[in-house]
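Notes for the one structure printed next.
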Amino acid sequence: MAATGGPTHLRLYINIDHVATLRQARQADEPDPAAAAAVCAAAGADGITAHLREDRRHIQDADLDALMRATRAPFNLEMALTDEMLAIAERLRPHQVTLVPERRLEVTTEGGLDVTREPARLRDGLARLAAAGIRTSLFIDADPRMIDASASAGAVAIELHTGRYAHAPGGPATLAALAEGARRGRAAALAVHAGHGLTVRNVGPVAAIAEIEELNIGHHIVSRAVFVGLDSAVREMRGAMDLARGD
Ligand code: PXP
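So the sequence shown is residues 1083 to 1329, counted in our numbering.
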């Protein structure tokens, strides 16, 4: 086992949105995402991720403060680049903000952010977040144009969208594109993260890409938690990552 925080340690951030999805299905007060975050942290998660969507379909504004208080694990706020969300991030000052594209009718984030559109607005948004002391990450497809534009815009990190790989893990282009994208990102001095659609079955080849330092995983872990409990679901994922990484 490599020591936590060592140079090769692959961080596991757990997206707890779908704990809130279950709560919102009944407009009730359980299950509580903040309590789930504390369980994840105790089970070895390196950080907690939540997406405050503009339509508030799962995570609510009040959850954010509770999540920041629930654990000392770093908090990664996923959000769209809007004035409303920037103001929330500036007030909250999470460890990290990951900017994601958002469409109201989508079931989940469907693709990476087009960072070549409105570059001045993106640069300004990243600068505002950096001025608030927040680490910045951009959720993008593993496309050389997007990686280079992310570096030009001043992001600290990129999160490579693994959704296409997750849907067709055997597809040679998808894994090769992720590996090549990770190398290109590192060469441009970007920290490289990855996520979307990862499961204990498909995480291995992504976790084995040495340039990737952080994974964001949500739906599968919350789904597994229904059967084995959240603590075990987190540990299963950690185990699959460590196995692939050789830790
Ligand atoms: N990373 C980003 C940017 C996301 O939007 C999501 C989904 O909210 C995830 C990671 C996690 O994806 P999944 O829930 O499929 O593990």
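Every residue gets a Cβ at the ideal spot worked out from N, C-alpha and C, and that includes glycine.
Q) Any idea which residues DSSP pairs residue 1131 with across the strands? A) Here residue 1131 corresponds to residue number 49 of the sequence shown, with the count starting at 1. Paired residue(s): 1097 and 1158.
Q. Would you say the beta carbon of residue 1312 comes nearer than 7 angstroms to a heavy atom of ligand 1?
A. Locating residue 1312 in the sequence shown gives position 230, counting from the first residue. The answer is no for residue 1312.
Q) Is there contact between the segment 1160-1177 and the segment 1209-1218, where contact requires at least three CB pairs shorter than 8 angstroms? A) yes
Q) Between the beta-carbon of residue 1115 and the beta-carbon of residue 1149, is there less than 8 angstroms? A) Translated into the one-based positions of the sequence shown, residue 1115 becomes position 33. Translated into the one-based positions of the sequence shown, residue 1149 becomes position 67. Yes, Cβ-Cβ distance for residue 1115 and residue 1149 is below 8 angstroms.
Q) Do you know offhand how far residue 1141's Cα is from residue 1103's? A) The residue labelled residue 1141 in the question sits at position 59 within the sequence shown. The residue labelled residue 1103 in the question sits at position 21 within the sequence shown. If I take the Cα positions, the gap works out to 8 angstroms.
Q) Can you tell me whether DSSP reads residue 1179 as helix, strand or coil? A) The count along the sequence shown starts at 1 and reaches residue 1179 at position 97. The answer is strand: DSSP assigns residue 1179 an E or B state.
**Q.** Coarse secondary structure for residue 1121, derived from DSSP in three states
**A.** Indexing the sequence shown from 1 puts residue 1121 at position 39. Of the three classes helix, strand and coil, the one that applies to residue 1121 here is helix, per DSSP.
Q.
Taking 8 angstroms as the threshold (C-beta atoms), are residue 1243 and residue 1222 in contact?
A. As a working note, residue 1222 is residue 140 in the sequence shown. As a working note, residue 1243 is residue 161 in the sequence shown. Yes, the pair counts as a contact, with Cβ atoms nearer than the cut-off.
Q. In whole angstroms, what separates the C-alpha of residue 1129 from that of residue 1122?
A. Along the sequence shown, one-based indexing puts residue 1129 at 47. Along the sequence shown, one-based indexing puts residue 1122 at 40. One Cα belongs to residue 1129, the other to residue 1122, and the distance between them is close to 8 angstroms.
**Q.** For residue 1241, the first and last residue of its enclosing beta strand (DSSP E)
**A.** On the sequence shown, residue 1241 is found 159 positions in, with the first residue counted as 1. 1239-1243 is the span of the beta strand (DSSP E), which, as asked, contains residue 1241.
Q: Give the straight-line distance between the Cα atoms of residue 1331 and residue 1220, rounded to the nearest whole angstrom.
A: Because the chain in this structure spans residues 1083 to 1329, residue 1331 falls outside the shown range and cannot be described.
Q: Using only the heavy atoms of ligand 1, determine whether one of them is closer than 7 angstroms to the beta carbon of residue 1160.
A: Residue mapping note: residue 1160 aligns to position 78 of the sequence shown, counting from 1. Indeed, a heavy atom of ligand 1 lies less than 7 angstroms from the Cβ.
Q: Quick one: using the 10 Å Cβ neighbour count with 16 as the cut-off for buried, is residue 1100 buried or exposed?
A: To locate residue 1100, count along the sequence shown from 1; it is residue 18. Residue 1100 comes out buried.
Q. Apart from the five residues on each side of it in sequence, which residues of its chain come closer than 7 angstroms, Cβ to Cβ, to residue 1118?
A. The residue labelled residue 1118 in the question sits at position 36 within the sequence shown. Counting only Cβ-Cβ distances below 7 angstroms, and skipping sequence neighbours, we find 1098, 1101 and 1312.
Q: Using 7 angstroms as the cut-off, classify the Cβ of residue 1218 as near or not near the heavy atoms of ligand 1, replying yes or no.
A: Start at 1 with the first residue of the sequence shown, and residue 1218 comes out as number 136. No, since every heavy atom of ligand 1 falls outside the 7 angstroms radius drawn around the Cβ of residue 1218.
Q | Beta-carbon proximity check, residue 1239 vs residue 1285, cutoff 8 angstroms | A | The count along the sequence shown starts at 1 and reaches residue 1239 at position 157. The count along the sequence shown starts at 1 and reaches residue 1285 at position 203. No; because the gap between Cβ atoms is not below 8 angstroms, this pair is not in contact.
Q | Three-way DSSP call (helix, strand, coil) for residue 1318 in this model | A | Here the question's residue 1318 lines up with position 236 in the sequence shown. Helix at residue 1318.
Q. In terms of alpha-carbon separation, which member of 1193, 1152 and 1134 lies closest to residue 1166?
A. Taking the sequence shown and counting its residues from 1, the one referred to as residue 1166 is at position 84. Measuring from the Cα of residue 1166, the nearest candidate turns out to be 1134.
(Q) Are there any heavy atoms of ligand 1 lying less than 7 angstroms away from the beta-carbon of residue 1384, as far as the coordinates show? (A) One cannot answer for residue 1384 here, as it falls past the ends of the chain, which runs 1083 to 1329.
(Q) Counting C-beta neighbours from all protein chains within 10 Å, is the total for residue 1145 16 or more, i.e. buried, or is it exposed? (A) In the sequence shown, the residue the question calls residue 1145 occupies position 63. Classification for residue 1145: buried.
Q: Tell me, please, whether the segment 1291-1298 touches the segment 1244-1264 by the rule of three or more beta-carbon pairs shorter than 8 angstroms.
A: yes
**Q.** Residues near residue 1318 by beta carbon distance below 6 angstroms, same chain, minus five either side
**A.** Counting from one through the sequence shown, the residue named residue 1318 turns up at place 236. Contacts found: 1282.
Q | residue 1083 - DSSP class collapsed to helix/strand/coil | A | Taking the first residue of the sequence shown as 1, we reach residue 1083 at position 1. Low confidence applies here, because residue 1083 scores a pLDDT of 43, under 50, leaving its location unreliable and the question unanswered by this model.
Q) Does DSSP classify residue 1285 as helix, strand or coil? A) In the sequence shown, residue 1285 corresponds to position 203, counting from 1. In this structure, DSSP gives residue 1285 a helical state, which the three-state scheme calls helix.
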